[in-house]
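Numbering (the numbering used here), first residue to last: 4 to 329. Just so it is clear, CB atoms sit at the ideal spot from N, CA and C, and this is done for glycine as well. Report on the structure given below.
In structure tokens form, the structure reads like this:
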């Protein structure tokens, strides 16, 4: 019975991958017996390994604790968007490590009151804990590489690759976005090469309707973000911002991030050749339910966006429905 169930799961996973390229995390390495390790043991009397593992576990536990505190704060003040971010980052962390260490137990603090807490300080603690965790995991991977323990090294590298950078946040949207007043005035060959790479990945990630390869879309997103970060004067930043918004919206349900990246695209290039204002309007309207911003963006799209089939009619209709005015 178990073998039939396992076979059904395997067939389902293969069909899912073939049809849609499901957004699944990398499979952990298997033992010599072909099993997935659920418990990993530290070599007896190996104090160096014990210290390295304990440091990584302490960093993970602290990071998780800091996310729990931040989530509790946002739930308490009723910030739904930020609660969603904190929960997604917590879920991301919980899905990175598929095993537990035998004989290593790090107990988190009992908790702390979030009444009257300083949001910026709580965010600073969480972001700092994330950085420390990723550094500790990298150091543990390097430890096993030096030691020549290929299996444990592969386990830790799997933890690294299962950690999704898309599901990490700065919690203040202005901290994630470059300034609105950037001037894309420089033709920079390195930036152009990054843009070409990211655009290829973006289109390769969606080769057919109903087929999505999330690994390619994720890599495209990170490459566009790299371009904007490293080459803020490049003539490619506005179009990169547009595609960043598209990927956030279409593949990762990051609607708040998406509308602000759409906005950056037309702030950096008011004559952008994509319907950025219309796309932002639809998000404000149908997903975020901010109808004031939706009407503002629909009106701007009528005035500034390039023509796309159906967009003008939709914008005019929604303005009338939302305002009662033609």
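- Query: Given a threshold of 16 other Cβ atoms within 10 Å of its Cβ, counted over all protein chains shown, does residue 11 qualify as buried or as exposed?
  - Reply: As a first step, residue 11 must be located in the chain shown, where it is residue number 8. Caution is warranted here: a pLDDT of 47 is assigned to residue 11, below 50, making its placement in the model unreliable, and the coordinate value is therefore given only provisionally. With fewer than 16 other Cβ atoms within 10 Å, it is exposed.
- Bridge partner(s) assigned by DSSP for residue 237: As a working note, residue 237 is residue 234 in the chain shown. Paired residues: 189.
- From the DSSP output, in three-state form, read off residue 211 for me. Taking the chain shown and counting its residues from 1, the one referred to as residue 211 is at position 208. Three-state DSSP puts residue 211 in a strand.
- Task: Report the option in 84, 82, 104, 252 whose CA atom is closest to the CA atom of residue 43.
- Result: On the chain shown, residue 43 is found 40 positions in, with the first residue counted as 1. The option with the nearest alpha carbon to residue 43 is 104.
- Query: How many angstroms separate the CA atom of residue 323 from the CA atom of residue 309?
  - Reply: Numbered from its first residue, the chain shown carries residue 323 at position 320. Numbered from its first residue, the chain shown carries residue 309 at position 306. Roughly 21 Å between the two C-alpha positions.
- Query: Nearest CA to the CA of residue 137: which residue from 81, 66, 123?
  - Reply: Position 134 of the chain shown, counted from the start, is the residue given in the question as residue 137. Cα-wise, what sits closest to residue 137 is 66.
- Task: With a 10 Å radius around its C-beta and 16 neighbouring C-beta atoms as the bar for buried, classify residue 124 as buried or exposed.
- Result: As a working note, residue 124 is residue 121 in the chain shown. The residue is exposed, with fewer than 16 neighbouring Cβ atoms inside 10 Å.
- Item | Sequence-distant residues of the same chain with beta carbon closer than 8 Å to residue 142, five excluded per side | Start at 1 with the first residue of the chain shown, and residue 142 comes out as number 139. Cβ neighbours of residue 142 beyond the five flanking positions: 55, 58, 59.
- Query: Out of 171, 150, 321, which has the shortest C-alpha to C-alpha gap to residue 296?
  - Reply: As a working note, residue 296 is residue 293 in the chain shown. For residue 296, the nearest C-alpha among the options comes from 321.
- Query: What is the DSSP secondary structure of residue 39, counted as helix, strand or coil?
  - Reply: For this step, residue 39 is matched to residue 36 along the chain shown. In this structure, residue 39 counts as strand in the three-state DSSP scheme.
- Message: Taking only three categories from DSSP, how would you classify residue 311?
- Response: Walking along the chain shown from the start, residue 311 turns up at place 308. It is coil, neither helix nor strand.
- For residue 49, count neighbouring Cβ atoms within 10 angstroms of its own Cβ and tell me buried if that reaches 16, exposed if not. Looking up residue 49 in the chain shown gives position 46. Exposed is the call here.
- Item | Closest Cα partner of residue 139 within the set 52, 233, 30 | Against the chain shown, residue 139 aligns to sequence position 136. If we check each option's Cα against that of residue 139, 52 comes out closest.
- Could you say if the stretch 169-186 and the stretch 233-249 meet the contact criterion of at least three C-beta pairs nearer than 8 Å? In short, these stretches touch, since the Cβ pair count reaches three.
- Item | Contacts around residue 20, its chain only, beta-carbon distance under 7 Å, and the 5 residues preceding and following it disregarded | Walking along the chain shown from the start, residue 20 turns up at place 17. Residue confidence is low: residue 20 scores 49 on pLDDT, short of 50, so the model does not pin down where it sits. No coordinate-derived value is stated.
- Message: Using a Cβ-Cβ cutoff of less than 6 Å, which residues in the same chain neighbour residue 229 once the five nearest sequence positions on both sides are dropped?
- Response: For this step, residue 229 is matched to residue 226 along the chain shown. Contacts found: none.
- Could you tell me how far apart the beta carbons of residue 304 and residue 267 are, in whole angstroms, since I believe they sit closer than 8 Å? Along the chain shown, read from residue 1 onward, the residue named residue 304 stands at position 301. Along the chain shown, read from residue 1 onward, the residue named residue 267 stands at position 264. A Cβ-Cβ separation of about 16 Å leaves residue 304 out of contact with residue 267 under the 8 Å criterion.
- By Cβ distance, which residues of its chain are closer than 6 Å to residue 282, with the 5 residues on each side in sequence left out? In the chain shown, residue 282 corresponds to position 279, counting from 1. Cβ within range, chain order: 265.
- Task: State the Cα-Cα distance for the pair residue 219 and residue 207, rounded to the nearest angstrom.
- Result: In the chain shown, residue 219 corresponds to position 216, counting from 1. In the chain shown, residue 207 corresponds to position 204, counting from 1. Each residue's Cα considered, the two are about 7 Å apart.
- Message: Determine whether the beta carbon atoms of residue 86 and residue 74 lie at a separation below 8 Å.
- Response: Position 83 of the chain shown, counted from the start, is the residue given in the question as residue 86. Position 71 of the chain shown, counted from the start, is the residue given in the question as residue 74. Yes, the Cβ-Cβ distance between residue 86 and residue 74 is below 8 Å.
- Query: Looking at C-alpha atoms only, which residue of 164, 246, 154 is the closest neighbour of residue 3?
  - Reply: Outside the displayed span of the chain (4 to 329) sits residue 3, for which this structure offers no information.
- Short check: CB of residue 217 to CB of residue 254, under 8 Å? On the chain shown, position 214 is the one that residue 217 refers to. On the chain shown, position 251 is the one that residue 254 refers to. Contact: yes.
- Query: Using the beta-carbon count (16 or more within 10 Å), is residue 243 buried or exposed?
  - Reply: Translated into positions along the chain shown, residue 243 becomes position 240. Residue 243 is buried by the Cβ-count criterion.
- Item | Where residue 63 falls: helix, strand or coil (DSSP) | Here residue 63 corresponds to residue number 60 of the chain shown, with the count starting at 1. Correct three-state label for residue 63: helix.
- Task: Report yes if the C-beta distance between residue 289 and residue 252 is below 8 Å; otherwise report no.
- Result: By one-based count along the chain shown, residue 289 stands at place 286. By one-based count along the chain shown, residue 252 stands at place 249. Against a cut-off of 8 Å, the Cβ pair of residue 252 and residue 289 comes out as no contact.
- Cβ-based burial, residue 80 [other Cβ within 10 Å; buried from 16]: If you number the chain shown from 1, residue 80 lands on position 77. Its Cβ having fewer than 16 others within 10 Å, residue 80 is exposed.
- What residue from 250, 168, 188 has the CA that sits closest to residue 205's CA? Position 202 of the chain shown, counted from the start, is the residue given in the question as residue 205. Of the candidates 250, 168, 188, the one whose C-alpha sits nearest the C-alpha of residue 205 is 250.
- Message: Quick check on residue 267: does DSSP put it in helix, strand or coil?
- Response: In the chain shown, counting from the first residue as 1, residue 267 sits at position 264. Three-state result, residue 267: helix.
- Give, in chain order, every unbroken run of the alpha helix (DSSP H) that is at least 4 residues long and sits entirely within the stretch 54-102. 83-97
- Query: Is the distance from the Cβ of residue 191 to the Cβ of residue 106 below 8 Å?
  - Reply: Sequence index remark: in the chain shown, residue 191 carries index 188 (1-based). Sequence index remark: in the chain shown, residue 106 carries index 103 (1-based). Going by beta carbons, residue 191 and residue 106 fall outside the 8 Å limit.
- Around the Cβ of residue 257, are there at least 16 other Cβ atoms within 10 angstroms (buried) or fewer (exposed)? The count along the chain shown starts at 1 and reaches residue 257 at position 254. By the neighbour-count rule (16 or more Cβ atoms within 10 Å), residue 257 is buried.
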